[in-house]
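In terms of my numbering, the numbers along the sequence shown are unbroken and rise by one, the last being 1005.
Beta carbons are placed, not taken as given, at the ideal position from N, Cα and C, and that holds for glycine.
Keep in mind that this is a model prediction, so the values were computed, not measured.
Following: one structure in structure tokens, then a few remarks.
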Amino acid sequence: MPPTNHDAFWMPFTANRQFRRTPRMLVAADGMYYTSEDGRKVLDGCAGLWCVNAGHNRPRITEAVQKTIATLDFAPTFQMGHPLAFQAADRIAALAPGDLNHVFFCNSGSEAADTALKIAIAYHRVRGDGARTRLIGRERGYHGVGFGGISVGGISGNRKLYGALLTGVDHLPHTLDLERNAFTKGLPAYGAELADNLERIVTLHDPSTIAAVMVEPMAGSTGVLPPPVGYLKRLREICDKYGILLIFDEVITGFGRMGGTPFASEKFGVLPDILTCAKGITNGTIPMGAAIARDHVYEAFMNGPETGIELPHGYTYSGHPVACAASLATLDTYAEENLFERAGDIAPYFEEAAHALRGLPHVIDIRNVGLVAGIELSPRPGAPGARAYEIFDRAFHKGVLVRYTGDVIAISPPLIIQKSEIDQLFGTLADILRTVE
569 MPPTNHDAFW MPFTANRQFR RTPRMLVAAD GMYYTSEDGR KVLDGCAGLW
619 CVNAGHNRPR ITEAVQKTIA TLDFAPTFQM GHPLAFQAAD RIAALAPGDL
669 NHVFFCNSGS EAADTALKIA IAYHRVRGDG ARTRLIGRER GYHGVGFGGI
719 SVGGISGNRK LYGALLTGVD HLPHTLDLER NAFTKGLPAY GAELADNLER
769 IVTLHDPSTI AAVMVEPMAG STGVLPPPVG YLKRLREICD KYGILLIFDE
819 VITGFGRMGG TPFASEKFGV LPDILTCAKG ITNGTIPMGA AIARDHVYEA
869 FMNGPETGIE LPHGYTYSGH PVACAASLAT LDTYAEENLF ERAGDIAPYF
919 EEAAHALRGL PHVIDIRNVG LVAGIELSPR PGAPGARAYE IFDRAFHKGV
969 LVRYTGDVIA ISPPLIIQKS EIDQLFGTLA DILRTVE
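Written out as structure tokens, the structure reads:
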């Protein structure tokens, strides 16, 4: 039955009163499409919430979840284990680049971010370098909604209601440069020098006090900001110079989203010390996240008494058996259908379709990498975000689901998208842009 009261569910990241006036309800999903409450097919242009990378209602994943919940609905991973957690960790570690071999499971990207930050601070402490407690994030960065994540994150709207947050946090400048890089296809040519601001921050605070730098390889939730060429490598060099851990938040960029490789760190040729992931880890079917550590980080904790708990951290549902089953089946689906490679193959067509919107009313920039695109719009005077919201709402009623953040329309479809569906997605946006005020 349709809900008669929209007040009971306090919706996340939603204008609740606005939604109650014009609810948008989804009741089913299959392949590339949702079904709306009124029976319309809606093309999923954002993989749910950047997470349904293999498309909806995949039989292998559904069957794995059904079988596991009927066999082992829950098992603790505090001082106990179950085979699926170890199997999933092995598979994920095998996908991760370099010696990112140690997987700490949690339940979301937010938890993965806070886990990575805690591991980073604890890493220095167990090595006898306990003065390293400062954390460096980036303006416009998004690392979930835990206190650690919003402290290191740099989206003002996510921070301003919550007081002082964590102390000892500083931020790099963001990398968006419309003057030099507008309408770039792929990685921007200008901006690598922005990484040198880390040298300034290090000098300000003293490198012996800094534990970690945390960035998204491509900032997603803030409006799709691909990294300038050479920027991430420069961050890696500066972190190495001063003994600072580098954390990549790959909650959005992981599991094929960048096209051609499982993770952005491999695509961009930069190995972090800790990598966080979630979303595509289970194709969005069951909540799950992970922080993946390199050998030297993990081994630093393994020098105390064997009977001691090396890292006093974890969640009731870390390595939940049903989530692990969903992850294993998801990884099988990615591999059997070569979805990471497929995303790389179709990315050029996606790029051309996105940039075909250039010159349409209100479009001031288009940014893309892999199967992600951001279309930045000029804001309405005195009403930031209003034009993007209207486009989002009109697109939904025309049968296409996109995201909006501020005055950016974000596109990140499942990796199974066909060329005809790319045409539908961007064609619908083009029609709306020609008529919206």
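Whole-number beta carbon distance between residue j and residue i, since they are thought to touch under 8 angstroms
i, j, result
"V838", "L813", "At roughly 13 angstroms, the Cβ-Cβ gap does not stay under 8 angstroms, so V838 and L813 are not in contact."
"G824", "Y902", "7 angstroms"
"A832", "M786", "6 angstroms"
"I629", "A897", "4 angstroms"
"A686", "H881", "One point to set straight first is that residue 686 is Lys, not Ala, in the sequence displayed. Yes, K686 and H881 are in contact; Cβ-Cβ is about 6 angstroms, under 8 angstroms."
"I990", "Y917", "6 angstroms"
"A779", "L703", "6 angstroms"
"A681", "T790", "Actually they are not in contact, since the Cβ atoms of A681 and T790 sit about 15 angstroms apart, beyond 8 angstroms."
"N851", "A622", "5 angstroms"
The ligand COA heavy atom lying under 7 angstroms from the CB of residue i
i, result
"R706", "Ligands displayed in this structure: none; no statement on the ligand COA is therefore possible."
Counterpart residues of residue i in DSSP-defined beta bridges
i, result
"S604", "L594"
"D817", "T844"
"R948", "A951"
"K609", "T603"
"I978", "The question names Ile, but residue 978 is Ala in the sequence shown. DSSP lists G942, R971 as partners of A978."
"R862", "L668"
"L778", "First, the amino acid is wrong: residue 778 is Ile here, not Leu. For I778, which the question treats as bridged, DSSP gives the partners R702."
"L800", "Per DSSP, none; premise fails for L800."
"V783", "F816"
"N936", "A941"
"G857", "C674"
"V737", "L703"
"V931", "L945"
"L793", "A787"
"H773", "For H773, which the question treats as bridged, DSSP gives no partner whatsoever."
"H624", "G599"
Exposed unless 16 or more other CB atoms sit within 10 angstroms - verdict on residue i
i, result
"V937", "buried"
"D641", "exposed"
"Q986", "exposed"
"Q992", "buried"
"P591", "exposed"
"P840", "buried"
"K847", "buried"
"G705", "buried"
"W578", "exposed"
"I1000", "buried"
"P889", "buried"
"R1056", "Not covered by the structure: residue 1056. The range shown for the chain is 569 to 1005."
"L997", "buried"
"K835", "buried"
"A656", "buried"
"G696", "exposed"
"N584", "exposed"
"M569", "Low confidence applies here, because M569 scores a pLDDT of 49, under 50, leaving its location unreliable; read the following figure in that light. Exposed, since its Cβ has fewer than 16 Cβ neighbours within 10 Å."
"E784", "buried"
"I877", "exposed"
"T973", "buried"
"F581", "exposed"
"R589", "exposed"
"Y866", "buried"
"V595", "exposed"
"N573", "exposed"
"A576", "exposed"
"A732", "exposed"
"E605", "exposed"
"E679", "buried"
"L555", "Residue 555 falls outside the range modelled here, since the chain spans only 569 to 1005, and no answer is possible."
"M782", "buried"
"R748", "exposed"
"D913", "exposed"
Quiz item: Do the region 916–929 and the region 955–968 meet, that is, are 3 or more Cβ pairs less than 8 angstroms apart?
Solution: no
Practice problem: Taking only runs that begin and end inside the region 670–730, name each unbroken beta strand (DSSP E) of 3 or more residues, in chain order. | Solution: 702–706
Quiz item: Okay, do the region 756–770 and the region 712–722 touch, 3+ Cβ pairs below 8 angstroms being the bar?
Solution: no
Quiz item: Is the region 767–776 close to the region 947–958, with three or more CB pairs under 8 angstroms?
Solution: no
Practice problem: Report yes or no: do the region 859–868 and the region 666–675 share at least 3 C-beta pairs separated by less than 8 angstroms? | Solution: yes
Self-check item: the region 804–818 in contact with the region 768–782 per 3-pair CB rule at 8 angstroms
Solution: yes
Quiz prompt | Three CB pairs or more closer than 8 angstroms across the region 609–624 and the region 816–830 | solution = yes
Quiz item: Do the region 672–685 and the region 849–857 touch if we need at least three Cβ pairs shorter than 8 angstroms?
Solution: yes
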